[in-house]
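The opening position of the sequence shown corresponds to residue 36 in the numbering used here, with each subsequent residue numbered one higher. These notes concern the structure reproduced below.
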Amino acid sequence: MRCKRCRTAPVAIALPRHHTALCAACFDRYVVDQVERGIKQYQMVRRDEPVLVAVSGGKDSLGLWDLLNRMGYTTTGVHVQQGIDGYSNASEVKTRAFAEANRLPLVVHDLNREYGGGVTAMADTSRRSACSACGTVKRYAFNKIGRELGFQVVATGHNLDDEAARLLGNLLRWQVDYLVKQSPALPASHAKLIRKVKPLFRLTEREVAAYAVLRKIDYVIDECPMSHDANSLQYKAVLNQLEHQSPGTKQFFYLEFLRRQPLGVDSTAEEVVLNECIRCGEPTTGTLCGHCRVVAPLTQTRQAGADPAGPGGPGAPAAPVSVDWHA
Ligand code: SF4
Ligand SMILES: [Zn+2]
Ligand SMILES: [Zn+2]
């Protein structure tokens with residue numbers, strides 16, 4: 036079968052939601068077009084603006100880094116080494132290999148090195164799920180590292196499937212606070228916060244995976260062993276079933292939600308008052324930020340027997356950020 040766009044090359048991928056099938060070259064153009072369209076629509080990043088890219092070593096984040104680099108953006112990767120057995124080392128290796136092969140700068144934030152324990156230990160000591168601890172610590176690290184290195188924006192590899200699953204989860208629980216802030220582009224609502232953007236929001240997980248394969252990106256294929264925790268997998272399965280029966284359902288569900296929202300939701304419109312965390316000084320709605328709630332029990336446990344008010348105790352500064360540069 037021939038590509039429905041150029042009508043010469045053989046089809047590499049069918050896109051049922053667009054009633055089309057494309058060759059490798061036309062699919063590549065389609066992916067770049069979708070990302071450019073998303074960036075422009077939400078004014079995510081200026082052409083001359085350096086972008087910090089949150090990179091896990093998976094197809095989405097490495098695909099995003101590859102795309103932004105090809106599109107001419109100045110990028111730096113940031114990788115959080117979570118210390119999850121049987122997963123995190125492979126993720127770090129793939130991330131470092133991509134950075135080196137493309138001669139791109141990479142910052143590695145190693146939780147074990149900074150706090151004496153990874154996500155699993157943090158989840159145990161703070162009595163949270165692994166994904167809750169992981170998400171909190173990663174978001175904190177991306178913002179703090181980005182700001183300290185002078186970036187005003189961090190890009191993540193969330194795709195259409197991720198965002199549709201998140202929307203479904205927020206609706207099922209009627210989490211209105213989260214719904215009003217669910218956007219592919221979140222502004223900085225505090226002097227210590229940087230903007231967060233999701234340039235892949237118009238592409239499905241399958242399309243991003245196909246892009247990574249066609250670009251010969253060596254990414255981590257295995258799922259994180261903690262992902263059984265994640266409700267989002269169930270929501271994705273339901274949405275995939277609906278998509279299979281009626282192609283285009285997923286995109287309509289999420290993109291129509293966005294269409295009915297004002298462009299670039301302004302989280303400051305909610306007038307959430309942000310204070311500075313009493314432990315680390317980062318923005319929080321309470322007195323102790325989510326990150327410190329997650330890491331403080333771990334650092335205190337590690338220092339049991341030592342001075343409880345010493346490093347890691349209440350009032351102590353957060354661990355410094357370590358930076359490794361490639362290229
Ligand atoms: S599945 Fe959970 S623990 Fe694993 S990387 Fe994702 S958020 Fe972190
Ligand atoms: Zn073609
Ligand atoms: Zn804090």
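Just so it is clear, CB atoms sit at the ideal spot from N, CA and C, and this is done for glycine as well. In this text, all values refer to a predicted model and were calculated from it rather than measured experimentally.
Does DSSP put residue i in a helix, a strand or coil?
i	result
Glu-183	helix
Gly-325	helix
Glu-311	strand
Gly-170	helix
Pro-51	helix
Arg-201	helix
Asp-120	coil
Asn-227	Note on residue identity: the sequence assigns Lys, not Asn, to residue 227. In the structure shown, Lys-227 sits in coil (DSSP, three-state: anything other than H, G, I, E or B).
Thr-191	coil
Gly-107	coil
Val-332	The identity of residue 332 in the sequence shown is Pro, whereas the question assumes Val. Note: Pro-332 maps to helix in three-state DSSP.
Val-90	coil
Leu-139	coil
Leu-221	strand
Arg-208	coil
Arg-294	helix
Pro-343	Confidence is the limiting factor: at Pro-343 the pLDDT is only 41, short of 50, which leaves the residue's position unreliable and the question unanswerable from this model.
Arg-37	strand
Val-154	helix
Leu-57	strand
Gly-98	helix
Val-46	coil
Thr-319	strand
Trp-360	Note on Trp-360: pLDDT 42, under 50, position unreliable in the model; the coordinate value appears next. Reduced to three states, the DSSP call for Trp-360 is coil.
Val-232	strand
Val-80	coil
Val-15	Nothing can be reported for residue 15, as the shown portion of the chain is limited to 36 through 362.
Gly-283	coil
Do residue j and residue i come within 8 Å of each other at the CB atom, strictly closer than that value?
i	j	result
Val-80	Ile-180	no
Val-243	Leu-235	yes
Val-172	Ala-165	no
Val-232	Val-188	yes
Ala-190	Val-307	no
Pro-318	Leu-228	yes
Lys-285	Leu-195	yes
Ala-247	Leu-97	yes
Tyr-103	Val-88	Residue 103 is actually Leu in this sequence, not Tyr. Cβ atoms of Leu-103 and Val-88: closer than 8 Å.
Leu-99	Gly-192	yes
Thr-320	Ile-313	no
Phe-292	Leu-202	yes
Ser-224	Leu-277	no
Below 8 Å on the Cβ atoms is my contact criterion, and I expect residue i with residue j to pass it. Report the Cβ-Cβ distance as a whole number of Å.
i	j	result
Leu-57	Val-46	7 Å
Gln-69	Leu-184	Their Cβ separation, rounded to whole angstroms, is 29 Å, which puts Gln-69 and Leu-184 out of contact at 8 Å.
Gln-11	Ser-218	Nothing can be reported for residue 11, as the shown portion of the chain is limited to 36 through 362.
Asn-266	Gly-204	6 Å
Gly-92	Val-255	5 Å
Ser-167	Pro-332	In fact, because the Cβ distance is near 13 Å, the residues do not count as touching under 8 Å.
Asp-253	Ala-156	Not a contact, Cβ separation roughly 29 Å.
Leu-274	Ala-199	5 Å
Ala-272	Phe-62	Actually they are not in contact, since the Cβ atoms of Ala-272 and Phe-62 sit about 25 Å apart, beyond 8 Å.
Pro-282	Arg-52	5 Å
Ala-60	Ala-49	Actually they do not touch by this definition, with Cβ atoms about 16 Å apart.
Thr-55	Lys-75	Not really, about 22 Å apart at Cβ, beyond 8 Å.
Heavy atom of ligand 4 less than 7 Å from the Cβ of residue i, yes or no?
i	result
Leu-323	Ligand 4 is absent from the structure shown, which contains only ligand 1, ligand 2 and ligand 3.
### Task
Determine contact between the region 172-186 and the region 140-157, defined as no fewer than three beta-carbon pairs at a distance below 8 Å.
These segments touch.
### Task
Collect the residues with a C-beta less than 5 Å away from any heavy atom of ligand 1 and give them in sequence order along the chain.
Counting only heavy atoms of ligand 1, the residues whose C-beta sits closer than 5 Å to one of them are, along the chain, Ala-165, Cys-166, Cys-169, Cys-259, Met-261, Ser-262.
### Task
Output the residues surrounding ligand 2, defined as those with a CB atom closer than 6 Å to any ligand heavy atom, in chain order.
This selection yields Cys-38, Arg-40, Cys-41, Ala-44, Leu-57, Cys-58, Ala-60, Cys-61.
### Message
If contact is defined by three or more beta carbon pairs under 8 Å, each pair taking one atom from either stretch, is the region 119-139 in contact with the region 256-267?
### Response
As far as the Cβ criterion goes, the region 256-267 touches the region 119-139, which means the pair count is three or higher.
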